[in-house]
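Q:
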Amino acid sequence: MTAPVTIRVQAEDFDLQSEIDRMTGGRGEIGAVVTFTGLCRDEGGRLEALELEHYPGMAEVEMTRIAQAAVERFSLEGITAIHRHGRINVGENIVLVIAAASHRQAAFDGANFMMDFLKTAAPFWKKEHGASGQAGDWIAARDADDAARDKWKN
Amino acid sequence: MTAPVTIRVQAEDFDLQSEIDRMTGGRGEIGAVVTFTGLCRDEGGRLEALELEHYPGMAEVEMTRIAQAAVERFSLEGITAIHRHGRINVGENIVLVIAAASHRQAAFDGANFMMDFLKTAAPFWKKEHGASGQAGDWIAARDADDAARDKWKN
Amino acid sequence: MTRLVYFAWVRERIGKAEEDIVLPASVRTVSDLLTHLTSLGEEYEAALQFPEVIRVAIDQEHVEHDEPIAGAREIGLFPPMTGG
Amino acid sequence: MTRLVYFAWVRERIGKAEEDIVLPASVRTVSDLLTHLTSLGEEYEAALQFPEVIRVAIDQEHVEHDEPIAGAREIGLFPPMTGG
Chain A
1 MTAPVTIRVQ AEDFDLQSEI DRMTGGRGEI GAVVTFTGLC RDEGGRLEAL ELEHYPGMAE
61 VEMTRIAQAA VERFSLEGIT AIHRHGRINV GENIVLVIAA ASHRQAAFDG ANFMMDFLKT
121 AAPFWKKEHG ASGQAGDWIA ARDADDAARD KWKN
Chain B
155 MTAPVTIRVQ AEDFDLQSEI DRMTGGRGEI GAVVTFTGLC RDEGGRLEAL ELEHYPGMAE
215 VEMTRIAQAA VERFSLEGIT AIHRHGRINV GENIVLVIAA ASHRQAAFDG ANFMMDFLKT
275 AAPFWKKEHG ASGQAGDWIA ARDADDAARD KWKN
Chain C
309 MTRLVYFAWV RERIGKAEED IVLPASVRTV SDLLTHLTSL GEEYEAALQF PEVIRVAIDQ
369 EHVEHDEPIA GAREIGLFPP MTGG
Chain D
393 MTRLVYFAWV RERIGKAEED IVLPASVRTV SDLLTHLTSL GEEYEAALQF PEVIRVAIDQ
453 EHVEHDEPIA GAREIGLFPP MTGG
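Residue numbers (my numbering), protein chains in the order written: chain A, 1 to 154; chain B, 155 to 308; chain C, 309 to 392; chain D, 393 to 476.
Quick look at the structure:
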């Protein structure tokens, strides 16, 4: 069978165990599942929330493209990527990636690869909401994220 | 605060979302959570279950030692490791590692490090139960696991 | 008519999320488009004053600034992405 | 008296999970212990015939085969670990 790819952009939160069970249920070839969850930090108490904007349609297409590249490159048995949009308060989930494989290093690499490209190629933007209620700035792209992406070039 | 370390050896299954929530709840400094779940594979239909034996007491001590090394090395904000014992059927969870950090690479590295040492240093042993009901062999240690562990030497 | 869609601070500075626009025949590439838009008013100038940082998608696919825009139905203009 | 505990196929071959044993004064190191046990019967010989693969813990801490065993309360003998 081809590895199942699940991509969603949604306002609602997600539940890791349900998302994993949906992918792995009844499949004896999966030995390793790695998840990455990105959460909204308070940046030392400075922030109250983030506003997540995205390009509807293109976001899903780009995430699917990255997910399929990950499946192929690491022989994944399945991959899920869920990105939330709208207002996300400190401590809440922003993004979830799940990579399943026969063995553990492929699952780790698949999830790591998906996150590095999701951060630099999927059309999402974060705006800060300050702890004192004032409208904040758009977060600037980080060179470190480009460097993390470029480690996958070979 | 010092990073919370949770270590458990248990017969029961675990729920990822509950374990993550317990670690991250109300903490604004955590931006990244990586989990690793190891599941029982059927090895191409050959297996029905695994029997997990452990050294009570030493297993927890060794897992705690590895977890604390991971916290220190990767500046983790928290780490959880839960290993099941007893009979585990194909498709069921065997082990869970959760690593939380401010940024994503530390969380990935922390979980990966914990798994590599857990496999090679924590006193657990797996015995196979064949699909046709016959008692199977003890699984042999893999050189690849030692090599994975040795990549952390620096 | 070509549909232009804007996101994040590009959207905020231009003051709208999308618009349909007729482009002169001389606007052949993404780079030409950015120069053309800058001439349409100070809100466009504020959004696009540093064209090298603007990311562009044609029909929802990333492109470089030297990409021809002929046949494009939808062109998206936005800052570097910061999701994840 | 020293408590010995066995796991996995070491336990199965010896036929018990643990035992308390009085060791001769000549048994000073882990290596001496493995040699001594092998002399106690064929079940021990079957379990410990390749002593280089046997992993050892003294009071629940991994040790090498040249480690002295003086003062040990509990010594664990087992195959290479395969958890995770």
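All C-beta atoms, glycine included, are put in the ideal place defined by N, C-alpha and C.
Please report whether the beta-carbon of D/F399 lies at a distance below 8 angstroms from any beta-carbon of chain B.
A: By this cut-off, D/F399 is an interface position.
Q: Return the bridge partner residues of B/G232 from the DSSP annotation.
A: For B/G232, which the question treats as bridged, DSSP gives the partners B/A254.
Q: Since I believe A/I7 is in contact with A/M58 (beta carbons under 8 angstroms), could you give me their beta-carbon distance rounded to a whole number of angstroms?
A: Wrong, their Cβ atoms sit about 12 angstroms apart, outside the cutoff.
Q: What are the residues that DSSP puts in a beta bridge with D/T430?
A: Partner(s): none; D/T430 has no beta bridge.
Q: What residues from chain C crowd round A/G133, counting only those whose CB sits closer than 9 angstroms?
A: The premise fails here: A/G133 is roughly 19 angstroms from chain C at the closest Cβ pair, so nothing lies under 9 angstroms.
Q: What are the residues in the segment 220-234 of chain B lying within 9 angstroms of chain A by C-beta distance?
A: Of all residues in the segment 220-234 of chain B, none has a Cβ within less than 9 angstroms of some Cβ in chain A.
Q: With distances taken Cα to Cα, identify the nearest neighbour of A/E92 among B/K305, B/W279, B/R303, B/G180.
A: Among B/K305, B/W279, B/R303, B/G180, the Cα nearest to that of A/E92 is on B/G180.
Q: Under a three-way DSSP split, which group does A/T120 fall into?
A: If DSSP states are grouped into helix, strand and coil, A/T120 belongs with the helices.
Q: Grouping DSSP H, G and I as helix and E and B as strand, with all else coil, what is D/D412?
A: Strand, per DSSP.
Q: Can you name, in chain order, every residue of its own chain whose Cβ lies under 7 angstroms from the Cβ of B/T274, other than the five neighbours on each side?
A: Same-chain partners within the cutoff: D299, D300, R303.
Q: Report the three-state DSSP secondary structure of B/H190 (helix, strand or coil).
A: At residue 190 of chain B the sequence reads Phe, which differs from the His that was named. Correct three-state label for B/F190: strand.
Q: At the 8 angstroms Cβ level, is B/I293 part of the contact set with chain D, yes or no?
A: Interface residue, yes.
Q: Nearest chain A C-beta to C/G323 closer than 8 angstroms, yes or no?
A: No, C/G323 lies away from the interface with chain A (no Cβ there is under 8 angstroms from its Cβ).
Q: Nearest by alpha-carbon distance to A/A133: which of A/V34, A/Q105, A/G45, A/A107 is it?
A: Rather than Ala, the amino acid found at residue 133 of chain A in this sequence is Gly. Per the Cα distances, A/G45.
Q: According to DSSP, what are the bridge partners of A/H129?
A: DSSP, once it has assigned bridges, lists A/A49, A/A135 as partnering A/H129.
Q: Which partner residues of B/Q164 appear in the DSSP bridge assignment?
A: B/R238, per the DSSP bridge assignment.
Q: B/N308 CB to nearest chain A CB: under 8 angstroms?
A: False, the Cβ-Cβ gap to chain A never drops below 8 angstroms.
Q: For B/I174 and A/L16, which I take to be in contact (beta-carbon distance under 8 angstroms), what is that distance rounded to the nearest angstrom?
A: Sure, about 7 angstroms apart at Cβ, within 8 angstroms.
Q: Taking Cβ to Cβ, would you say A/A99 is nearer than 8 angstroms to A/V34?
A: In this structure, A/V34 lies closer than 8 angstroms to A/A99 by Cβ.
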